[in-house]
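**Q** In the numbering used here, the protein residues as written are 406 to 890.
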């Protein structure tokens, strides 16, 4: 029996140790770093940035010559020949007639008589046969029935109406836009993590305050029972103390559940596995931020990634307009080709050729004009969007700054209120112990102190929340770690 008991306690001890080994203390800067490493949206933006980097490099290729190898194998239904047999037959006929006339003339001179029909036919047949064997066929092979080609073709753009430069500038603007989009995403993740982290810190302190209040209420309940037994207070004071203890437990239970939910939300922001557990030990401590409103407004104009993103998109739209305008200009390119199988070329096909090609579109059904107008209005649309966003960001900065200063002022003013509430609680406890006060007075004094303490925690929480909003609006989210540290 003792062995089993020892084994159970050992197992519990090991499990508890494993729990604490897995639970890691998590400072704010490590929480931010962990979230940035694991966040899938950031990984998506990083992949998009790599795409734009390669697209930017690809845009340089438009300025270089394009060389390609074109190869083919072709089988025709028959060889391609040039047949001039009708000319050959005509020549044979003329030459045969001439030889027959000469033979007839010769016989007339030598023998004094012309050749007969049979003799003429024999001479004609003999002459035709001799010429036919001597004269080659008039058939020229133009293309074999089976042939293959392998041609090197090169094209070097010379002038495309500014389209090449526009394409390069467009790719560069898209690359810069992707960088700012990644920065914007990083800032949003930092903002989310910091706010959830601050919520856990706030609820940790609220839970501690609730626990202290519960302990105070329990002590007051014991004092009330003791004084009731001594006949110094009525039973209603004891009942009121019990009600206050029950209410304090209920408040503590609610905030403990809120703390669990806040920790779960933080784990999701960190991309943590369910088995990973983190301990947040930080507390809300006041740290002043002396920078002026104008400083943050200027920082927002210079560093806010959304404004930079829209600026890059406006540049992209301007280059799109340039590219569409290039369709109205002539396009000039040099070209060259070289055939690697000359034995398959016909007499009419050169082995190599170089030249210059000029293209100029005269009419495309107003398609080019409307595409140019589309690009023009797109550029104006993005410009208006950027100006609207700039105004909204200025409003965001001003709102966050004022809220931060209001929370800072509220936090500082609550210090004196808490001091007064503590003094009031001490005074009411002494009056109650002396039989001059009621249980309700002590409970109310403790609840007032609890309310003031939680309000001060909340004010400091609001101060840092607004500060985080201010940093995010001005494009410097990571600065919160320096203030916090």
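Each residue gets a CB set at the ideal place from its N, CA and C atoms; glycine is no exception.
(1) Measure the alpha-carbon distance for residue 542 versus residue 766 and round it to whole angstroms.
(2) If the criterion is Cβ atoms closer than 7 Å, does the pair residue 693 and residue 576 meet it?
(3) Roughly how many angstroms lie between the CA atoms of residue 730 and residue 750, to the nearest whole one?
(4) Under 8 Å, with one C-beta from each stretch per pair, do the stretch 789-803 and the stretch 697-711 reach the 3-pair mark?
(5) Hey, how far is the Cα of residue 604 from the Cα of residue 452?
(6) Using CA coordinates, which residue listed in 471, 683, 558, 454 is at the minimum distance from residue 382?
(7) Leaving out five residues before and five after residue 561 in sequence, what residues of the same chain have Cβ atoms less than 7 Å from its Cβ?
(8) Closest to residue 594 by C-alpha separation, out of 778, 826, 819, 444, would be which residue?
(9) With distances taken between CB atoms, is the gap from residue 608 to residue 664 smaller than 7 Å?
(10) At a cut of 8 Å, does the stretch 805-822 reach the stretch 608-619 through at least three beta carbon pairs?
(11) Can you tell me which of the three DSSP states residue 768 falls into?
(12) Would you grab the beta carbon distance between residue 601 and residue 674 for me? Rounded to a whole angstrom, and I think it's under 8 Å.
(13) Does the separation of the CB atoms of residue 784 and residue 722 fall below 7 Å?
(14) Which same chain residues end up closer than 6 Å to residue 833 when comparing Cβ atoms and leaving out the 5 residues on each side of it in sequence?
(15) Please tell me whether residue 580 and residue 736 are closer than 7 Å, where the distance is taken between their beta carbons.
(16) Check whether the stretch 860-875 touches the stretch 639-649, taking contact to mean three or more Cβ pairs, one atom from each stretch, closer than 8 Å.
(17) Roughly how far, in whole angstroms, is the beta-carbon of residue 877 from the beta-carbon of residue 592, given that I think they are within contact range, below 8 Å?
(18) Taking the alpha-carbon of residue 555 as reference, which of 474, 549, 635, 611 has the nearest alpha-carbon?
(19) In chain order, what residues of the same chain have a beta carbon less than 7 Å from the beta carbon of residue 676, not counting five sequence neighbours either side?
(20) Buried or exposed for residue 858, please, with buried defined as at least 16 other CB atoms from any protein chain shown within 10 angstroms of its CB.
(21) Indicate the three-state DSSP secondary structure (helix, strand or coil) for residue 686 in the structure shown.
(22) Are residue 742 and residue 558 close, meaning C-beta to C-beta below 7 Å?
(23) Which same chain residues, not among the five before or five after residue 821, have their C-beta less than 7 Å away from its C-beta?
(24) From the DSSP output, in three-state form, read off residue 518 for me.
(25) With distances taken from CA atoms, which of 869, 884, 856 is nearest residue 611?
(26) Which residues share a DSSP beta bridge with residue 561?
(27) Determine the direct distance from the alpha carbon of residue 544 to that of residue 350, and round the result to whole angstroms.
(28) Within a Cβ cutoff of 8 Å, which residues of the same chain sit near residue 463, ignoring the five residues on either side of it in sequence?
(29) Which two residues bound the contiguous beta strand (DSSP E) that contains residue 547?
(30) In whole angstroms, give me the CA-to-CA distance for residue 457 and residue 781.
(31) Out of 757, 732, 752, point me to the one whose CA is closest to residue 744's CA.
(32) Going by C-alpha distance, which of 830, 585, 875 is nearest residue 454?
(33) Kindly indicate the opening and closing residues of the beta strand (DSSP E) around residue 474.
(34) Beta-carbon within less than 7 Å of residue 871's beta-carbon, same chain only, minus the 5 sequence neighbours each way: which residues are those?
(35) Beta strand (DSSP E) containing residue 488: first to last residue?
(36) Might you give, ordered along the chain, the residues of its own chain that have their beta carbon closer than 6 Å to the beta carbon of residue 764, omitting 5 neighbours on each side?
**A** Taking the coordinates as given:
(1) 50 Å
(2) no
(3) 42 Å
(4) yes
(5) 32 Å
(6) Residue 382 lies beyond the residue range present for the chain, which begins at 406 and ends at 890; the question has no answer from this structure.
(7) 470, 738, 739
(8) 444
(9) yes
(10) No: fewer than three Cβ pairs fall under 8 Å.
(11) Here residue 768 sits in coil by DSSP.
(12) 5 Å
(13) yes
(14) 842, 846, 847, 850
(15) no
(16) no
(17) 5 Å
(18) That would be 474, whose Cα lies nearest to the Cα of residue 555.
(19) 440, 443, 444
(20) With at least 16 other beta carbons inside 10 angstroms of its own, residue 858 counts as buried.
(21) coil
(22) In this structure, residue 558 lies closer than 7 Å to residue 742 by Cβ.
(23) none
(24) coil
(25) 856
(26) 739
(27) Nothing about residue 350 can be read from this structure; the chain reaches only from 406 to 890.
(28) 576
(29) 544-548
(30) 24 Å
(31) Among 757, 732, 752, the Cα nearest to that of residue 744 is on 757.
(32) 585
(33) 471-480
(34) The residues 805, 808, 809, 812, in chain order, have a CB closer than 7 Å to that of residue 871 in the same chain once the five nearest residues on each side in sequence are set aside.
(35) Segment 485-488, the beta strand (DSSP E) holding residue 488.
(36) 736
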